[in-house]
Amino acid sequence: MCVSDSREKLQMAAMVASVAAASGDEVTVFFSMNAMLHFVKGRAAEAPAEGEFGRLMAADKGVPSFKQLFAYAADLGDAKLLPCSMAVDLLKASEEDLDPMLGPPTGLTRFLSDAEGAQLFTF
Numbered sequence: 015m016c017v018s019d020s021r022e023k024l025q026m027a028a029m030v031a032s033v034a035a036a037s038g039d040e041v042t043v044f045f046s047m048n049a050m051l052h053f054v055k056g057r058a059a060e061a062p063a064e065g066e067f068g069r070l071m072a073a074d075k076g077v078p079s080f081k082q083l084f085a086y087a088a089d090l091g092d093a094k095l096l097p098c099s100m101a102v103d104l105l106k107a108s109e110e111d112l113d114p115m116l117g118p119p120t121g122l123t124r125f126l127s128d129a130e131g132a133q134l135f136t137f
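Numbering (my numbering), first residue to last: 15 to 137.
And the structure:
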């Protein structure tokens with residue numbers, strides 16, 4: 015579950031998702047709250063750094079962005095990347111406004127029901 019817009023938390027969520035998906039684990043990432051801003055056209059441009067590591071990642075062109083890593087997770091490991099339907103509604107975003115790597119808007123109840131018995135990380 016990804017709810018923060020901090021560069022460090024988005025990066026860690028993307029690293030965990032991409033490594034787990036590439037390792038063959040079933041991965042679903044649920045984006046809500048401020049994290050959603052980075053997956054809607056015309057919204058947040060760059061994730062703010064929370065601390066020194068965020069600033070270092072922003073300056074180092076050799077570090078893949080969190081969006082690249084989420085795309086790798088979806089492309090290489092079949093990870094599901096799901097936007098929160100409430101967040102999509104609040105942002106008044108249409109499906110065309112959403113990043114194409116995202117799946118269909120999904121409610122929190124559905125996400126939690128589908129994730130029952132699985133490991134759940136919140137970033």
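Backbone N, C-alpha and C define an ideal beta-carbon position, used for all residues, glycine too.
Considering only DSSP beta bridges, list what F125 is partnered with. By 1-based counting over the sequence shown, the position of residue 125 is 111. BP columns for F125 are empty, so no partner.
L134 and M7 - do their beta-carbons sit closer together than 9 Å? No statement about residue 7 is possible, as the shown extent of the chain runs from 15 to 137 and does not include it.
How about V102 and V41: are their beta carbons less than 9 Å apart? Translated into positions along the sequence shown, residue 102 becomes position 88. Translated into positions along the sequence shown, residue 41 becomes position 27. For V102 and V41, no; Cβs fall outside 9 Å.
Helix, strand or coil for V33? Go by DSSP, reduced to three states. To locate residue 33, count along the sequence shown from 1; it is residue 19. Reduced to three states, the DSSP call for V33 is helix.
What's the gap between the Cα of P97 and the Cα of A35? Position 83 of the sequence shown, counted from the first residue, corresponds to residue 97. Position 21 of the sequence shown, counted from the first residue, corresponds to residue 35. Here the alpha carbon of P97 sits roughly 18 Å from the alpha carbon of A35.
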